[in-house]
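Below is one structure, written out as structure tokens, with a few remarks after it.
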Amino acid sequence: MESKLKKDEGNLTTLVEFILFGFSGVPDLQGFLFGVFLIIYMIILIGNSLIIILTKVDTSLQTPMYFFLGNFSFLEICYVSVTVPKLLADLCRQNRKISFLACAIQMYFFLVFGATECFLLTAMAYDRYVAICNPLLYPLIMNTRLCIQLAAGCWIIGVPVHIGFTYLIFSLPFCGPNQLDHFFCDIPPILKLACGNTSMIETLIYVIAVLVVTVPFMLILGSYVKIISTIQKLPSATGRAKAFSTCSSHLVVVALFFGSGIITYMRPKATHSLGMEKFLSLFYTIVTPMFNPVIYCLRNKDVTVALSKLLSKWIV
């Protein structure tokens, strides 16, 4: 495919669109991949929508813990909808072009929702910390006002940062080629197409990754060190098992999301490979969101009971 370029006044060429290679390297598997990703996308939409409905209609789930879970499920729907519909469309057609502006918008929302997920998982860890380490003060501390403020902060805090960051990336000169060896507009493959000096942007990536990914991850780890220490001091084995069960689902999701994110954005540039980047991107953009509703439904007794009650009403 030939690059689509536009000549400016200085007789230089500037990209006006990118071509997403995606999985075009395996043409015989396009139909199969479309089916797999469509099924995964439907599981994500249905599973997370079900959790949102449960947290709204079941009174036993109208607590701070499930308030954050409902927010998290809605976020997961938004997060995957940034990349998967475009991926599905590209698997069905030969034209895999994306305009410069559309690419910037996709990257921006991907980064904002990714940052929101990091902060929301941290807020959920704080909720569990207060519930287990300060159970008597829990209703007082985790009141409705604080829960709304924490959730709003998680959704808003990354917006201005990533507006500026996305603007800086797409202000770089892109003078060809325009073939993006990825299935969406992610930072590493975009930077590989820039023909200007990207050292400042790369430094900024590490700074933002530390603030958005590493710091929340360390706060979550710190919370769970205190949580586990408190649980071990509980006299009752039943109490310890119940406390662990309320945290296990969250811990699994944290490990899946932060693990793949840290490996992708914090590893040395010399170790980057396009194949590994695609695999890791698939993992944290599609696979992890698919597992989240499964993890929370199967490993959480309250959600399982609420789901059973809801299904029994529908069946009757």
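Residue numbers (the working numbering): 85 to 400. Each residue gets a CB set at the ideal place from its N, CA and C atoms; glycine is no exception. Everything numeric in this text was worked out from a predicted model, so none of it was measured.
Query                                                                                                                           : Result
Residue from S344, T200, K317 and L113 with nearest C-alpha to C217                                                             : K317
Beta-carbon contacts of M226 that lie in its chain and below 7 Å, excluding the five residues immediately before and after      : P148, D211 and V214
Selected residue, minimal CA-CA separation from I161, among P261, N132 and F249                                                 : N132
Backbone CA spacing between G115 and A173 [nearest angstrom]                                                                    : 11 Å
The region 196-209 contacting the region 237-249, beta-carbon criterion three pairs below 8 Å                                   : yes
For L104, the first and last residue of its enclosing alpha helix (DSSP H)                                                      : Taken as a continuous stretch (DSSP letters only), L104 belongs to no alpha helix (DSSP H), being part of the beta strand (DSSP E) at E101 to L104.
Residues sharing a beta bridge with K181, DSSP                                                                                  : I103
Buried or exposed (CB count within 10 angstroms, at least 16 for buried), L153                                                  : buried
First through last residue of the alpha helix (DSSP H) which encompasses G260                                                   : Neither: G260 is in no alpha helix (DSSP H) and is coded neither H nor E.
Distance between beta carbons of F102 and I182, contact taken as under 8 Å                                                      : 5 Å
Beta-carbon spacing of L128, V166 below 7 Å                                                                                     : With the sequence shown as reference, residue 128 is identified as Ile, and Leu is not the correct amino acid for it. Going by C-beta atoms, I128 is not nearer than 7 Å to V166.
The region 332-347 touching the region 110-125, judged by at least three CB pairs closer than 8 Å                               : no
CA-to-CA distance, T282 to L224, given in whole angstroms                                                                       : 49 Å
Reduced DSSP category for M226 - H, G, I as helix; E, B as strand; rest coil                                                    : coil
Coil, strand or helix - F254 by DSSP                                                                                            : helix
Exposure label - R177; buried when at least 16 CB within 10 Å                                                                   : exposed
Proximity below 7 Å, CB of L234 to CB of A390                                                                                   : no
Integer-rounded CB distance, given that I136 should sit under 8 Å from Y192                                                     : Not really, about 24 Å apart at Cβ, beyond 8 Å.
Nearest residue (CA-CA) to P111, options F342, L220 and L175                                                                    : L175
Between the CA atoms of F254 and G343 - distance to the nearest angstrom                                                        : 27 Å
Backbone secondary structure at A186 - three-state DSSP                                                                         : helix
Distance between W398 and I346 (C-alpha atoms, nearest Å)                                                                       : 42 Å
Contacts around L340, its chain only, beta-carbon distance under 7 Å, and the 5 residues preceding and following it disregarded : T372 and F375
Burial state of A29 (16 or more Cβ within 10 Å)                                                                                 : Nothing can be reported for residue 29: it is not among the residues displayed for the chain, which extend from 85 to 400.
Start-end ranges of the alpha helix (DSSP H) lying completely within the region 139-177, minimum 4 residues                     : 148-165 and 168-176
Host alpha helix (DSSP H) of K276 (start-end)                                                                                   : I271 to L277
K140 versus S365 - alpha carbon distance                                                                                        : 32 Å
Cβ pair C187, C259 closer than 7 Å                                                                                              : no
Under the three-state DSSP convention, the category F194 falls into                                                             : helix
Beta-carbon contacts of V168 that lie in its chain and below 6 Å, excluding the five residues immediately before and after      : Y125
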